[in-house]
Amino acid sequence: MPLNIAVLAKASLDPNMIRTRGDSLVDIEAMPLALSEYDKNAVEAAVQAKEKHGGKVYVLSVLTWPPAARRVKELEQVMREALAMGADEAHVVVDEALIPGDPLATAEAFAALIRKLGQVDLVVAGEASMDMISSQVAARVAALLDLPFIGFARSLEIGDGRVRAVRDLEDRLETVEAPLPAVVSVTGEANKPRIPTLIQVRRAFRKPINRYSLADLGLEPPAKPELGEIRVLTVSRKNIILEGDNLEEIAEKLIDALIKEGVIKA
Amino acid sequence: MVKALAFTMEPGLVAELASHTRRLAGEAVLVAPKEAASKAPAGVYTKAYILEAGDPAAFAAALEKVYNEYKPDIVLTIASKNNTTAAALLAAKLRLPMLTEALEPRIEGSTLTAKRRVLGGRAEASYRAQLPAVLSLARGAAEPLQEAGGVEAQPLEAPQPRVTLLESKEKVREAVNLEEAEIVVGVGRGFRSREDLKLAEELAQLLGGVVGASRPIVADYGWLSEDRWIGISGKKIRPKLYIAIGISGAPQHMAAAMDSKIIVAVNKDKNAPIFQYADYGVVADLYQFLPVLIKKLRERLNR
Numbered sequence: 001m002p003l004n005i006a007v008l009a010k011a012s013l014d015p016n017m018i019r020t021r022g023d024s025l026v027d028i029e030a031m032p033l034a035l036s037e038y039d040k041n042a043v044e045a046a047v048q049a050k051e052k053h054g055g056k057v058y059v060l061s062v063l064t065w066p067p068a069a070r071r072v073k074e075l076e077q078v079m080r081e082a083l084a085m086g087a088d089e090a091h092v093v094v095d096e097a098l099i100p101g102d103p104l105a106t107a108e109a110f111a112a113l114i115r116k117l118g119q120v121d122l123v124v125a126g127e128a129s130m131d132m133i134s135s136q137v138a139a140r141v142a143a144l145l146d147l148p149f150i151g152f153a154r155s156l157e158i159g160d161g162r163v164r165a166v167r168d169l170e171d172r173l174e175t176v177e178a179p180l181p182a183v184v185s186v187t188g189e190a191n192k193p194r195i196p197t198l199i200q201v202r203r204a205f206r207k208p209i210n211r212y213s214l215a216d217l218g219l220e221p222p223a224k225p226e227l228g229e230i231r232v233l234t235v236s237r238k239n240i241i242l243e244g245d246n247l248e249e250i251a252e253k254l255i256d257a258l259i260k261e262g263v264i265k266a
Numbered sequence: 267m268v269k270a271l272a273f274t275m276e277p278g279l280v281a282e283l284a285s286h287t288r289r290l291a292g293e294a295v296l297v298a299p300k301e302a303a304s305k306a307p308a309g310v311y312t313k314a315y316i317l318e319a320g321d322p323a324a325f326a327a328a329l330e331k332v333y334n335e336y337k338p339d340i341v342l343t344i345a346s347k348n349n350t351t352a353a354a355l356l357a358a359k360l361r362l363p364m365l366t367e368a369l370e371p372r373i374e375g376s377t378l379t380a381k382r383r384v385l386g387g388r389a390e391a392s393y394r395a396q397l398p399a400v401l402s403l404a405r406g407a408a409e410p411l412q413e414a415g416g417v418e419a420q421p422l423e424a425p426q427p428r429v430t431l432l433e434s435k436e437k438v439r440e441a442v443n444l445e446e447a448e449i450v451v452g453v454g455r456g457f458r459s460r461e462d463l464k465l466a467e468e469l470a471q472l473l474g475g476v477v478g479a480s481r482p483i484v485a486d487y488g489w490l491s492e493d494r495w496i497g498i499s500g501k502k503i504r505p506k507l508y509i510a511i512g513i514s515g516a517p518q519h520m521a522a523a524m525d526s527k528i529i530v531a532v533n534k535d536k537n538a539p540i541f542q543y544a545d546y547g548v549v550a551d552l553y554q555f556l557p558v559l560i561k562k563l564r565e566r567l568n569r
């Protein structure tokens, strides 16, 4: 049975590229966007399912970071990455009313977009975005569409109109099953995301990226919590590199320092 | 007066939840599995509902009924995976804002403020939301409230779940408790084989500490079990002393070790990011340095 699969993918702030203004205020507008780490696993899971069962993979995204005018290009680049991995079409929502993003608003936009796409058999998302780590959007989309939800799947397989997954909880692994259509969020262990070849990257430029506003989706601007400032947590460390003529001397210095700090006892 | 609906699918988190609930709310009810609901402290809750854990969606559906009857100002839980999932499902149905792993929550009038760790745990975001709202509180932020139970507990029915459980398997656990260890020795990709981890184990034993690991050691090589994994998705540690050996210092790892009092890094690459996060750094091959350090420690500590 061919499957229509929607992947929820985020153009996230890259936590490895934190930029600050003043001493600790995160300068969001100066940080680049990248395809969120676990969303790559979601794209991979969707493309694998398509390769096995046939069908189509839609990659969906909601722009959540300002400034919208400039970020649209970055969002498209992120979508190209998913398209190069094997998704067929991209559908993105860009609207000032959704920026800065919040899981409440983002999920409502995703749900409306999925309704607009028509028959979708499976929705896959990453367990959390790498910037805001809320683990809400996939569950919220499931609730809004009234679909079964499996969160934190470390593996999934599809067959006979059902999805079977292993849910990775703190103390146990649960093998669970739900009828399609369903929503699944995957962890980093679910698969190894492919690196697209140059030809695939080039081909991705011919695939469509469709853009929507809230009005296109028939949505009112949602009320969402207000995101205030983001500050880098600074822990001041001593940053002392211990040096010496030989390793014995360095080891002695380290032991002396740790005794002085009171963290080991002589 | 703030009215709270507190819930947990994990019975073990009930004392921590009670502590937050008492601080934030003037009146509250609890929804939890029997073993937790029966211990609901009367000083915090006016009523408890017994609801067995099962699937988060079924749990959330039952919560929604209590919400609509009780009409709380805030829904509170502690951030386990299932609790956060149930909270998000409930929040979506009710169109409520929600903050995951919230820290320092405060309510003034009808306004909620809280903070969250974001960007790989390296930064903190401040939020403001209007009540009613849902809070999935970060674990370990409140002293568990140990108080005798004794409120009326009434059973609650959950609908049949659409996600069916076929099998549940306990995770392999070793007898380590990284989160509470006072001394942690972390191992990373600088180790060339599983056997070589003995060096780190010897050092940990000597110092009365435990061995933890970065993601590749656990997830890619499988040399140690998952409860040894120090990282945002693994365990967060707060020891007096963290000795990171052969670990480059990826942000996801460092964020989980940031609350360590003293950090020592041993790495042969002098440009490894780990040195920026360290109090004391040793630029050396771990295979040469560790035996020397262990020998010197034995002499100094008389062990």
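These protein sequence lines are chains A and B, in that order.
Heads up: the first sequence runs through residues 1 to 266, numbered per my numbering.
Heads up: the second sequence runs through residues 267 to 569, numbered per my numbering.
A virtual CB, placed ideally from N, CA and C, is assigned to each residue, including glycine.
Hey, how far is the Cα of residue i from the Cα of residue j?
i	j	result
B:I528	B:N348	34 Å
B:Q426	B:M520	42 Å
A:D160	A:A107	28 Å
B:V297	A:V120	34 Å
B:L463	A:G55	47 Å
A:E220	A:V94	14 Å
B:A353	A:A178	20 Å
B:Y315	B:R564	56 Å
A:S273	B:L317	Lying before the first or after the last residue shown, residue 273 of chain A is absent from chain A, which here runs from 1 to 266.
B:L465	A:K238	26 Å
B:R566	B:L490	30 Å
B:A326	B:P363	15 Å
A:R345	A:A9	The structure shown does not extend to residue 345 of chain A, since chain A is modelled only from 1 to 266, so the question has no answer here.
Kindly list, in the order they appear in chain A, the residues whose Cβ is closer than 9 Å to that of residue i.
i	result
B:R394	P225, E226, L227 and G228
B:P363	D102, P103, L104, A223, K224 and P225
B:V558	N246, L247, E248, I250 and A251
B:L563	A251, I255 and I264
B:T366	P103, A128, M132, I133, S134, S135 and Q136
List the residues of chain B that residue i touches, going by C-beta distances under 7 Å, in chain order.
i	result
A:P15	L385, G386, R388 and P517
A:P66	Result: empty, since nearest Cβ-Cβ is about 15 Å, beyond 7 Å.
A:V263	K506, L507, K527 and I528
A:A266	R566 and L567
A:A257	Y546
Report the neighbours of residue i on chain B: residues whose CB is nearer than 9 Å to its CB, in chain order.
i	result
A:P181	Here the premise fails: no neighbours, minimum Cβ distance about 11 Å.
A:G151	P322, K347, N348, T350, T351 and A354
A:I158	Here the premise fails: no neighbours, minimum Cβ distance about 15 Å.
A:V47	The premise fails here: A:V47 is roughly 22 Å from chain B at the closest Cβ pair, so nothing lies under 9 Å.
If residue i sits next to residue j, beta carbons under 8 Å apart, how far is it from one beta carbon to the other, in whole angstroms?
i	j	result
A:I250	A:L258	At roughly 13 Å, the Cβ-Cβ gap does not stay under 8 Å, so A:I250 and A:L258 are not in contact.
B:A404	B:A368	6 Å
A:P15	A:E74	In fact, because the Cβ distance is near 16 Å, the residues do not count as touching under 8 Å.
A:P100	A:L254	Incorrect: roughly 45 Å between the Cβ atoms, too far for contact.
A:V7	A:A46	5 Å
A:I241	B:G547	5 Å
A:D102	A:P225	6 Å
B:G320	B:A424	6 Å
A:L98	A:A109	6 Å
Who are the neighbours of residue i on chain B, taking C-beta pairs under 8 Å?
i	result
A:I199	Ordered by position in chain B, no residue passes the 8 Å Cβ test against A:I199, which lies about 28 Å from the chain.
A:I5	In chain order: nothing, as chain B lies at least about 18 Å away.
A:I18	L385, R388 and A389
A:V26	L385 and A389
A:A107	A358
For a contact defined as C-beta to C-beta under 7 Å, what are the partners of residue i on chain A?
i	result
B:V600	Nothing can be reported for residue 600 of chain B, as the shown portion of chain B is limited to 267 through 569.
B:K359	A143
B:F457	By Cβ distance, chain A contributes nothing, its closest Cβ being about 18 Å from B:F457, past 7 Å.
Tell me, please, whether the CB atom of residue i is closer than 8 Å to any CB atom in chain C?
i	result
A:P148	Structure shown: chain C not included; protein chains present are A and B.
What in chain A is Cβ-close to residue i, meaning under 8 Å?
i	result
B:A485	G188 and E189
B:L473	I264
B:F555	L247, I250 and A251
Given 8 Å, three or more beta-carbon pairs between the segment 120-139 of chain A and the segment 33-48 of chain A: At 8 Å Cβ cutoff, the stretches touch.
Residues of the segment 123-144 of chain A with Cβ closer than 9 Å to any Cβ of chain B, in chain order: Taking 9 Å as the Cβ-Cβ cut-off, the segment 123-144 of chain A approaches chain B at E127, A128, M130, D131, M132, I133, S134, S135, Q136, V137, A138, A139, R140, V141, A142, A143 and L144, given in chain order.
Listed from N- to C-terminal order along the chain, which residues in the segment 230-251 of chain A have their beta-carbon within a distance smaller than 9 Å of any beta-carbon of chain B? I230, R231, V232, L233, V235, R237, K238, N239, I240, I241, L242, E243, N246, L247, E248, I250 and A251
By the 9 Å beta-carbon criterion, what residues does the segment 167-178 of chain A contribute toward chain B? Considering only beta carbons, the part of the segment 167-178 of chain A lying closer than 9 Å to chain B consists of R167, D168, L169, E170, D171, R172, L173, E174, T175, V176, E177 and A178, in chain order.
Is the segment 301-314 of chain B touching the segment 408-421 of chain B, taking contact as three or more C-beta pairs under 8 Å? yes
Flag this pair as touching only if the segment 185-198 of chain A and the segment 383-396 of chain B have three or more C-beta atom pairs under 8 Å; answer yes or no. No, the segment 185-198 of chain A does not touch the segment 383-396 of chain B.
Meets three-Cβ-pair contact criterion under 8 Å: the segment 443-450 of chain B and the segment 499-509 of chain B: yes
Within 8 Å, do at least three Cβ pairs link the segment 276-286 of chain B to the segment 377-387 of chain B? no
Touching by the beta-carbon criterion (3+ pairs, under 8 Å), the segment 202-210 of chain A and the segment 141-152 of chain A: no
Any residues in the segment 407-439 of chain B with a beta carbon nearer than 9 Å to a beta carbon of chain A? Which ones, in chain order? P427, R428, V429, T430, L431, L432, E433, S434, K435, E436, K437 and R439
Do the segment 55-64 of chain A and the segment 170-188 of chain A touch if we need at least three Cβ pairs shorter than 8 Å? no
Within the chosen definition, does the segment 331-349 of chain B reach the segment 430-446 of chain B through at least 3 CB pairs nearer than 8 Å? no
Can you confirm whether the segment 193-207 of chain A touches the segment 177-184 of chain A when touching is taken to mean that 3 or more C-beta pairs between the two stretches lie within less than 8 Å? no
Tell me which residues of the segment 311-337 of chain B have at least one Cβ-Cβ distance to chain A shorter than 9 Å, keeping chain order. D321, P322, A323 and A326
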